[in-house]
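Shown next, in structure tokens, is the structure this report addresses.
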Amino acid sequence: MINAASTMIVLAAAAMLFGLRIEGQRGNSGTMQQALKGIFFVMPLLFGIGFIAPVTAELIVLAGIAPPLALSPLAAGLIFGSLWGGYATIKGSWL
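Just add 804 to wherever you are in the sequence shown, counting from 1, and you've got the numbering used here.
Structure follows, in structure tokens:
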């Protein structure tokens with residue numbers, strides 16, 4: 805069961821993680837909105853690391869391609885996914 809104290813702890817941790825400011829008299833809705841905006845702002849980067857990187861690594865393995873610089877397929881996928889996700893986060897578009 806989730807109570808108000810645990811909710812505030814999670815919101816405070818999210819605020820510290822994403823550099824958000826929590827105002828004492830504002831209430832939970834404003835803080836939650838700020839936390840979600842911070843999470844959704846970095847969502848393309850998280851998608852690049854969490855989805856594109858493993859898919860790229862599997863495609864490298866299935867194609868039998870040797871990754872550059874003697875990297876493992878996962879490391880090559882993480883570099884590719886991080887760069888593409890970072891680009892999408894900064895530009896606001898995947899293309």
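Glycine included, each C-beta is placed from N, C-alpha and C at the ideal position.
Does DSSP put A850 in a helix, a strand or coil?
Position 46 of the sequence shown, counting from 1, holds the residue named residue 850. Per the sequence shown, the amino acid found at residue 850 is Leu instead of Ala. For L850, the three-state secondary structure derived from DSSP is helix.
If you draw a straight line from the alpha carbon of P848 to that of T835, how long is it in whole angstroms?
Here residue 848 is taken as the residue at index 44 of the sequence shown, counted from 1. Here residue 835 is taken as the residue at index 31 of the sequence shown, counted from 1. In a straight line, the C-alpha of P848 is about 22 Å away from that of T835.
Should G889 and I864 be called a contact, given that it needs their Cβ atoms to be closer than 8 Å?
Against the sequence shown, residue 889 aligns to sequence position 85. Against the sequence shown, residue 864 aligns to sequence position 60. No, they are not a contact pair.
From I894, A880 and L873, residue whose alpha carbon lies closest to that of E862:
The count along the sequence shown starts at 1 and reaches residue 862 at position 58. Closest option to E862, Cα to Cα, is A880.
Looking at the secondary structure, which residues open and close the alpha helix (DSSP H) in which I894 lies?
Within the sequence shown, numbered from 1, the residue matching residue 894 stands at position 90. From DSSP, the alpha helix (DSSP H) with I894 extends over P877 to K895.
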